[in-house]
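Just so you know, we're using this note's numbering here: the sequence shown kicks off at 19 and counts up by one.
For every residue, glycine included, the Cβ atom is placed at its ideal position computed from N, Cα and C.
Quick caveat, the model's predicted, so the values are computed rather than measured.
First comes the structure, then the notes that go with it.
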Amino acid sequence: APPEAAEGRPVPGHEDFRPRIVPYYRDPNKPYKKVLRTRYIQTELGFHERLFVAVLTSKATLNTLAVAVNKTVAHHFPRLLYFTGLRGAKVPHGMVLVAHGDERPIWLMYETMNYIHQHFGSDYDWFYIMQDDTYAQAEQVKALVTHLSINQDVYLGRAEEFIGGDEQARYCHGGFGYLLSRSLLLKLHPHLDSCRNEILSVRPDEWLGRCIIDFLGVTCVSQLQGQHYHTYELAKNTEPEKEEEEEFQAALAVHPVSDVTLMYRLHKHFSRIQLDRVYQEIQDLQMQIRNLTALTPAGEAGVTWPVGINAPFLPKSRFEVISWDYFTEQHLFSCPDGSPKCELSGASKADVSEIIESAVEQLNHLYQPLLRFSKRQLLNGYRRFDPTRGMEYTLDLLLEAATQKGHSRVLAKRVSLVRPLSKVEIIPMPYVTEATRVQLVLPLTVQDLDFVANFLDMFAMNTLDTHDNALLTLLFIYHPYDAQRVGQVDVFAGVKAMVGELEKRYAEVKIPWISVKTEVPSQVKLMDIVSKKHPVDTLFFLASVWTEINMEFLNRCRMNTISNWQVFFPVHFQEFNPALVYRGEQTASSNTDFLRDGHFDRHSFAEACFYNSDYMTARTKLAADILDRDEVLESMEVFDVFLHYSGLHLFRAVEPGLVQKYTLRSCNPRLSEELYHRCVLSNLEGLASRSHLAMALFEQEQANST
Numbered sequence: 019a020p021p022e023a024a025e026g027r028p029v030p031g032h033e034d035f036r037p038r039i040v041p042y043y044r045d046p047n048k049p050y051k052k053v054l055r056t057r058y059i060q061t062e063l064g065f066h067e068r069l070f071v072a073v074l075t076s077k078a079t080l081n082t083l084a085v086a087v088n089k090t091v092a093h094h095f096p097r098l099l100y101f102t103g104l105r106g107a108k109v110p111h112g113m114v115l116v117a118h119g120d121e122r123p124i125w126l127m128y129e130t131m132n133y134i135h136q137h138f139g140s141d142y143d144w145f146y147i148m149q150d151d152t153y154a155q156a157e158q159v160k161a162l163v164t165h166l167s168i169n170q171d172v173y174l175g176r177a178e179e180f181i182g183g184d185e186q187a188r189y190c191h192g193g194f195g196y197l198l199s200r201s202l203l204l205k206l207h208p209h210l211d212s213c214r215n216e217i218l219s220v221r222p223d224e225w226l227g228r229c230i231i232d233f234l235g236v237t238c239v240s241q242l243q244g245q246h247y248h249t250y251e252l253a254k255n256t257e258p259e260k261e262e263e264e265e266f267q268a269a270l271a272v273h274p275v276s277d278v279t280l281m282y283r284l285h286k287h288f289s290r291i292q293l294d295r296v297y298q299e300i301q302d303l304q305m306q307i308r309n310l311t312a313l314t315p316a317g318e319a320g321v322t323w324p325v326g327i328n329a330p331f332l333p334k335s336r337f338e339v340i341s342w343d344y345f346t347e348q349h350l351f352s353c354p355d356g357s358p359k360c361e362l363s364g365a366s367k368a369d370v371s372e373i374i375e376s377a378v379e380q381l382n383h384l385y386q387p388l389l390r391f392s393k394r395q396l397l398n399g400y401r402r403f404d405p406t407r408g409m410e411y412t413l414d415l416l417l418e419a420a421t422q423k424g425h426s427r428v429l430a431k432r433v434s435l436v437r438p439l440s441k442v443e444i445i446p447m448p449y450v451t452e453a454t455r456v457q458l459v460l461p462l463t464v465q466d467l468d469f470v471a472n473f474l475d476m477f478a479m480n481t482l483d484t485h486d487n488a489l490l491t492l493l494f495i496y497h498p499y500d501a502q503r504v505g506q507v508d509v510f511a512g513v514k515a516m517v518g519e520l521e522k523r524y525a526e527v528k529i530p531w532i533s534v535k536t537e538v539p540s541q542v543k544l545m546d547i548v549s550k551k552h553p554v555d556t557l558f559f560l561a562s563v564w565t566e567i568n569m570e571f572l573n574r575c576r577m578n579t580i581s582n583w584q585v586f587f588p589v590h591f592q593e594f595n596p597a598l599v600y601r602g603e604q605t606a607s608s609n610t611d612f613l614r615d616g617h618f619d620r621h622s623f624a625e626a627c628f629y630n631s632d633y634m635t636a637r638t639k640l641a642a643d644i645l646d647r648d649e650v651l652e653s654m655e656v657f658d659v660f661l662h663y664s665g666l667h668l669f670r671a672v673e674p675g676l677v678q679k680y681t682l683r684s685c686n687p688r689l690s691e692e693l694y695h696r697c698v699l700s701n702l703e704g705l706a707s708r709s710h711l712a713m714a715l716f717e718q719e720q721a722n723s724t
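In C-alpha cells, the structure reads:
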C-alpha cells in the first residue's frame, strides 16, 4: 500500500472501502424535514449488482442468433439486454431490446456505451459486451468476475494488435466478448463524444479500444490478477462433440458461431462438460467428508447416507414422527382429499416413474458388466418428505437379473433413494406496501341476517376505530319474491338501519350498498356487478358474513396480493360446534387456545383478495370461452376464474387471522353439484373432530343403554 494509505490519508485513485461513522447533525435554525429512506437497504449502503451483459445484434440475426443466445445463456445472467440499430423491430418473446435507430457499427457502439452508462452505470460492478455470434459460458464468466478486484480499471478480453499501430497497444476483439469494470466505464463516458468525432475506424471493437487507450491509457489484456480469459476460434464445419483440444474445453467464449444449430450444439457440449465437472467435485467432496469423519469421535459410523446430505430428522416424541406414504405403480394410499386410496396421476405418477427408472439405472451402473437388471414389478413403495434433507424413498423391486452368459433369474431387491433439497433460491417478487386501500365486498342473503350485526360491530371496532385504510360495500341479494314486495316489506331494512347508525357515528364514513335480484347467487355474477362500479386499481377483499375483520389480516391481504402477479385465497379457521366439543362444559377462554377447537376449512373459497384489473382481465378471457352460455357461471367461483383464465400466481394458504364462529350454513341446491357438495362437506367437517364425534356417539350409546 502507498505510504499515504498507511498514515490513514486518502490516496488519489484508490477508493477507501473501510466503513466510516457519519455523525448526525441537524441545524436547529432550519425546520425539521422527515428523512426519506431508500426502498432497499442495499441502495442506502451503496451495494452494486455484480454483472450486466450487453449483446450486440442486427436486423439479419435478431430472430435467429439473438434468440439462440437468449435461449441458451440469458437465464444464467442476472441482467441481459440486446442492442440493435434497427428502429421499430419486432421484439422476440422473452427478450429486452434497445433500438438506437442507426445501424452504422460505430454509431451503435457509441450509443450502446452511452445507454449503459446512463441507465446501469451506478448499479453494476462489471459490464460484459458480446455479439450474438458469440457463445459465452455464462457460469464461467460469472465465476471470473467474482475473482477480480473492482478497485481497478479493467479492460479484459482477447487482445488483438491494431493494424499498423503501436505494438504495445491492444484492443479487445468484439467477437470473443470483453469485460469492462465500472470505474473504467465512468472514466470513459466523458470522452465518448470526442472519440466519435476524432477516431476513424471500421470495426466498433477497434474504435472502442482506441478510445480507451488514447484517453485513459488502458490497454486490453487477456490475463489479470491471475485470471485468464480463455477463448477459442471456431473453424468452418467444426464438430463441437469431436473437439478435444484443451483450449476448446477451457474456453469462456467461442467465435464465430455461424448458425443457430451450432449455437445449441455448443451449449449442449459445454453444459455436459460443466455437469461432469460438478459430478467430479461432488465425488471429491464426498471423499473428503469420509476421510474427515473417520477422525471424529463417532468414527466411520458418523457418516450419513448419502454422503454430504443432512442426516434424517430424529423425532423427540411420537408427535414428531414423519409418517411414510405407501404407493404402488397404479395407486397412492395417502390421498390429498383424505380418502384411503386414489389413482396415481400427474406429478406423483411422474415422480414414481422417475424414481423407479433411476433405481434400476443405478443398479446397472453398480453391477455392469457382470449383471444386467430389468424391472419386472414394483412390489412396495414408500416415500416421505423430510424437511431437513428432502424426499426419501424405499422401493421393493421385483427384478430380472441377467448374466453375461445369458443366464437370468428373478429376485427381489430393496433400494433406498433420496431426492435432496436443492439450493434455496429467493424468488423475486414485486414491491408492495401496507398502505393500499382495501375495498371489502360483503354479499348478503336473507339467511345471513342473524350474523350481520356481529360483522358490522367487528368491522367498526377493527377498522373504523383504528382508522385503517379500508372501505365496505354491501351487496343485498334479493329473492325475486322478496324483490316484488320491497315496497311493503324490505327484508334488509334492519341492515340498512345499522348502516345508517354507523354512518352517523363515523361522519367521514360512507357504506354504499348494491341491490341484486336473483334466485342463484353466483359468486362470479355478483362480482361482475361490483367490478364495474369500482376503478381498475381497486384491491378487493371478498368476505363472508361470518368473517371477523382485523388489521392483521388486512395487512396480509395487502402484502400477499400483487397486481398483475398474484391473488390471495386465504383458508379461514372454522371453530367446531361447541355443543359437541364441550358438551355443556365451559368453553376455553384462553387466548393461547383460540385455534385449538376447530380446523382450517379447505372446502371454502368464499374469502379472496385480488385487484380489479386482474379480475377484469381473467373475466374477459372467460367471456370469450363461454360465449353467451351464462349458465356456466353458476358452476364457478372467483377462484375458478383465476385458476383457469389467468396466468397469475394463486396463493392459497391457511390464515390464522380469519377465525369464524361455528354456524350451520345453508347450502343452495340451485348451485352446481360441485359447489353444493363442497358446501355440505364444509358443514360436516366443521361439526367436530373425530375424537369429539366419537365421544359424543359413545355418550349417546351409554345413555340409550341405560
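Would you tell me roughly how many angstroms separate the C-alpha atoms of residue i and residue j, rounded to the nearest one?
i: residue 315; j: residue 672; result: 44 Å
i: residue 215; j: residue 221; result: 15 Å
i: residue 249; j: residue 209; result: 29 Å
i: residue 347; j: residue 372; result: 11 Å
i: residue 607; j: residue 505; result: Legend: pLDDT at residue 607 = 46, less than 50; position of this residue unreliable, value from coordinates given subsequently. So the two alpha carbons sit approximately 45 Å from each other.
i: residue 720; j: residue 702; result: 24 Å
i: residue 383; j: residue 436; result: 17 Å
i: residue 174; j: residue 198; result: 7 Å
i: residue 682; j: residue 375; result: 50 Å
i: residue 103; j: residue 119; result: 5 Å
i: residue 568; j: residue 480; result: 5 Å
i: residue 735; j: residue 704; result: No answer is possible for residue 735: it lies beyond the span of the chain, which begins at 19 and ends at 724.
i: residue 402; j: residue 410; result: 5 Å
i: residue 201; j: residue 170; result: 7 Å
i: residue 238; j: residue 126; result: 21 Å
i: residue 692; j: residue 589; result: 19 Å
i: residue 624; j: residue 550; result: 20 Å
i: residue 640; j: residue 584; result: 18 Å
i: residue 712; j: residue 386; result: 57 Å
i: residue 330; j: residue 342; result: 13 Å
i: residue 611; j: residue 354; result: With a pLDDT of only 49 at residue 611, under 50, the local geometry of the prediction cannot be trusted, and no value is derived from it.
i: residue 290; j: residue 255; result: 21 Å
i: residue 368; j: residue 414; result: 18 Å
i: residue 144; j: residue 357; result: 56 Å
Measuring CB to CB, does residue i end up less than 7 Å from residue j?
i: residue 664; j: residue 636; result: yes
i: residue 91; j: residue 156; result: yes
i: residue 541; j: residue 489; result: no
i: residue 350; j: residue 362; result: yes
i: residue 146; j: residue 71; result: yes
i: residue 487; j: residue 523; result: no
i: residue 101; j: residue 130; result: yes
i: residue 327; j: residue 432; result: no
Go to residue i, then tell me how far its alpha helix (DSSP H) extends in each direction, as first and last residue.
i: residue 712; result: 708-723
i: residue 101; result: No alpha helix (DSSP H) holds residue 101; the beta strand (DSSP E) holding it covers 98-102.
i: residue 696; result: 691-703
i: residue 346; result: No alpha helix (DSSP H) contains residue 346, which DSSP labels as neither H nor E.
By DSSP, does residue i sit in helix, in strand, or in coil?
i: residue 78; result: coil
i: residue 143; result: strand
i: residue 334; result: coil
i: residue 532; result: strand
i: residue 13; result: The structure shown has nothing for residue 13, since the chain only spans 19 to 724.
i: residue 627; result: strand
i: residue 402; result: strand
Give the C-beta separation of residue i and residue j to the nearest angstrom, bearing in mind that I take them to be a contact with Cβ-Cβ under 8 Å.
i: residue 243; j: residue 166; result: 6 Å
i: residue 695; j: residue 630; result: Not confirmed; about 30 Å, so no contact.
i: residue 271; j: residue 192; result: 11 Å between Cβ atoms; not a contact.
Hey, could you find the ends of the beta strand (DSSP E) residue i is sitting in?
i: residue 434; result: 426-438
i: residue 372; result: No beta strand (DSSP E) contains residue 372, which is instead part of the alpha helix (DSSP H) from 364-385.
i: residue 116; result: 115-117
i: residue 676; result: 667-678
i: residue 558; result: 557-560
i: residue 249; result: 249-251
i: residue 289; result: Run containing residue 289: none in the beta strand (DSSP E); it sits in the alpha helix (DSSP H), 278-311.
i: residue 618; result: 616-618
Is the CB of residue i under 7 Å away from at least one CB in chain B?
i: residue 188; result: Considering every chain present, this structure includes no chain B. It has just one protein chain.
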